[in-house]
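Just so it is clear: in the sequence shown, position 83 is 410 by this note's numbering, and no numbers are missing. All C-beta atoms, glycine included, are put in the ideal place defined by N, C-alpha and C. Small disclaimer: the values here were computed from a predicted structure and weren't measured. Structure first, commentary second.
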Amino acid sequence: KLEAQVKAHYAEHSTGAGAGLQADEVQEEYARIKAEVAAKTAKLEGERDTLATQLKADQDALEAAEVAQQSVRTRAESLRQQAEEARVRAVAAEHDAKAARKEALVQAKQRTQAEDALRLHTTERAHIIDEL
């Protein structure tokens, strides 16, 4: 196609005796343009291959980043669940400790009352013995 376009261009501009010389020029111009197109094509194909390689590397990196991101999300969710479970345990332990303190106070009060009653009983008994 390129050769036909070049020949048509030179055919329009060639007249008379110079036509044979111009045919050689057409071949030379065609060869030059063809070489230029081949060089540019090779360069563009090289750039395309480089870009394709970079794209693949970027896609692989993106995939790895997405996997890492999902891993971090999964770990964060696990840590949130563990924190919630720890909070529930802490609240339960606080309630248990409060109940234990309350029970300890009740027992201390009962012990004090029992000691007071024993002292009173001992004192009364001592008075009775003294009176006898």
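Pairwise C-alpha distance: residue 400 and residue 430: Residue 430 and residue 400 have their C-alpha atoms roughly 45 Å apart.
message: I'd like to confirm something about residue 385: is its beta-carbon nearer than 6 Å to some heavy atom of the ligand NAD, or not?
response: As presented, the structure is devoid of all ligands, the ligand NAD included, so that no description of it is given.
message: Measuring straight from C-alpha to C-alpha, what distance separates residue 390 and residue 415?
response: 37 Å
query: If you drop the 5 nearest sequence neighbours on each side, which residues of the same chain put their C-beta closer than 8 Å to that of residue 442?
result: Cβ contact annotation for residue 442 (same chain, cutoff 8 Å, sequence separation greater than five): none.
Alpha helix (DSSP H) segments (min. 4 residues) lying fully within the region 396-437: none
- request: Excluding the 5 residues preceding and the 5 following residue 438 in the sequence, name in chain order all residues of the same chain whose CB lies nearer than 6 Å to its CB.
  value: none
task: Take the Cβ of residue 353 as the centre, count every other Cβ of all protein chains shown within 10 Å, and call the residue buried at 16 or more, exposed below.
output: buried
task: Report the rounded CA-to-CA distance for residue 371 versus residue 387, giving the unit in angstroms.
output: 24 Å
task: Give the DSSP-derived three-state secondary structure of residue 459 in the structure shown.
output: In the structure shown, residue 459 sits in coil (DSSP, three-state: anything other than H, G, I, E or B).
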